[in-house]
Amino acid sequence: MAPRVLCIAGTDPSGGAGLLADTKAVTALGGYAMGVVTAVTVQNTRGVYDVHAVPVDTVIAQLDAVADDVQIDAVKIGMLGEASLVEAVGEWLRRRRPPHVVLDPVMVATTGGRLATDDAARMLRDLVPVVELVTPNVPELGVLSGVDTAPDIEGIVGQAELVHEQTGSAVLATTGDLLDGSAEDVLVQSTGERRTTLRLPFVRVDTPHTHGTGCSLSSALATARVGAPDWEAAYRRVRPWMDGALHGGLSLDVGKGSGPLDHTWFLRR
């Protein structure tokens with residue numbers, strides 16, 4: 095049975111990030127994608143020009159409409175934008191208790207546009223204990239840990255362990271934007287009283303087309319986690335697909351800025 099994955103995110107009309115990227119990633123990993131819209135953005139591969147938030151009551155009504163009808167196997171949370179929405183989604187998660195929840199703590203787009211208010215960014219720290227896995231990039235990890243942005247992989251390890259210790263959530267720190275040349279993502283998770291910290295090597299892809307990478311990775315992980323024993327197993331399934339999507343993005347020819355991944359690269363081999 096295909097994992098039924100509910101994605102909570104804003105839109106990107108150019109299709110590279112947000113809810114459209116989420117649904118592509120879920121589908122590519124063999125899941126059935128559902129989507130709740132939190133904001134309508136005006137953006138393309140060159141930047142974010144405007145953001146229109148969906149009213150909080152409407153977002154929660156969308157969530158309840160799906161949950162009242164469909165068995166949800168996993169949830170991916172992306173752009174929330176407003177502090178009141180962060181709080182409301184946290185309450186919804188406590189009430190509905192979906193099996194697996196991945197939080198991509200979206201604050202700033204790859205193209206540089208701000209996607210969360212300062213209050214929302216601070217409140218995302220309070221949402222982390224409610225989810226099973228959080229997937230920050232390097233600057234987002236600094237915000238969640240309350241420490242300055244880490245300059246190297248050792249700093250990433252320390253911050254990821256700190257967030258895990260403070261929240262109990264598993265942490266996958268993605269390091270594609272780390273400037274020290276390292277190529278390891280960092281996964282911190284616990285089984286019972288036993289904590290493990292894994293440094294997961296990857297091969298860097300030399301590409302400017304990384305629009306929607308965080309959205310896509312977190313959605314793919316939510317899908318892969320259904321039926322997998324832990325987040326390490328889910329990551330090891332997702333990483334080869336992500337590498338192929340990054341390589342595929344080099345030849346997609348979409349937009350004049352930071353272009354998208356090729357989510358279905360394997361169909362064109």
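All you need for this note's numbering is the position in the sequence shown, starting with 1, plus 94. Backbone N, C-alpha and C fix where the C-beta goes; we use that ideal spot for every residue, glycine too.
{"Asked": "Note down the Cα distance separating residue 109 from residue 246, rounded to an integer number of angstroms.", "Found": "32 angstroms"}
{"Asked": "Which value, in whole angstroms, describes the spacing of the CA atoms of residue 113 and residue 104?", "Found": "6 angstroms"}
{"Asked": "On the CB-based measure, 16 or more other CB atoms within 10 Å of its CB, does residue 217 come out buried or exposed?", "Found": "buried"}
{"Asked": "Note down, one range per segment and in chain order, each alpha helix (DSSP H) of at least 4 residues found wholly within the stretch 213–270.", "Found": "232–239, 247–261"}
{"Asked": "Can the beta-carbon of residue 200 be found closer than 8 angstroms to that of residue 102?", "Found": "no"}
{"Asked": "According to DSSP, which residues form a beta bridge with residue 127?", "Found": "99"}
{"Asked": "Between which two residues does the beta strand (DSSP E) harbouring residue 284 extend?", "Found": "278–285"}
{"Asked": "Measure how close the beta-carbons of residue 127 and residue 120 come, nearest whole angstrom, since I'm counting them as under 8 angstroms.", "Found": "4 angstroms"}
{"Asked": "Is the number of C-beta pairs between the stretch 262–280 and the stretch 230–248 that are closer than 8 angstroms three or more?", "Found": "yes"}
{"Asked": "Nearest-angstrom Cα distance between residue 322 and residue 332?", "Found": "11 angstroms"}
{"Asked": "Starting from residue 144, follow the beta strand (DSSP E) in both directions and report where the run begins and ends.", "Found": "141–147"}
{"Asked": "Check whether the stretch 174–188 touches the stretch 288–296, taking contact to mean three or more Cβ pairs, one atom from each stretch, closer than 8 angstroms.", "Found": "no"}
{"Asked": "Do you know offhand how far residue 82's Cα is from residue 166's?", "Found": "Any question about residue 82 goes unanswered here, given that the chain covers just 95 to 363."}
{"Asked": "Quick one: grab the DSSP three-state call for residue 132.", "Found": "coil"}
{"Asked": "In or out: residue 285 buried (at least 16 other Cβ within 10 Å) or exposed?", "Found": "exposed"}
{"Asked": "Quick check: what's the CA-CA separation for residue 360 versus residue 324?", "Found": "25 angstroms"}
{"Asked": "If I follow the unbroken alpha helix (DSSP H) through residue 171, where does it start and stop?", "Found": "Looking at the DSSP string, residue 171 is not in any alpha helix (DSSP H); the run it does join, the beta strand (DSSP E), is 168–171."}
{"Asked": "Please go through the same chain and pick out, in chain order, the residues whose beta-carbon is closer than 8 angstroms to the beta-carbon of residue 115, but skip the five residues on each side of it.", "Found": "106, 109, 306, 309, 310, 313, 354, 355, 357"}
{"Asked": "When you compare only the Cα positions, how much space is there between residue 263 and residue 141?", "Found": "32 angstroms"}
{"Asked": "Closest to residue 301 by CA distance: which of 281, 276, 343 is it?", "Found": "343"}
{"Asked": "Could you tell me the distance, in whole angstroms, from the CA atom of residue 191 to the CA atom of residue 304?", "Found": "32 angstroms"}
{"Asked": "Are the C-beta atoms of residue 145 and some chain D residue less than 8 angstroms apart?", "Found": "In summary, chain D is missing from the structure at hand, where a single protein chain is found."}
{"Asked": "Can you tell me which of the three DSSP states residue 303 falls into?", "Found": "coil"}
{"Asked": "Can you look up residue 288 in the DSSP assignment and give me helix, strand or coil?", "Found": "strand"}
{"Asked": "Check the DSSP bridge columns for residue 354 and list the partner residues they point to.", "Found": "305"}
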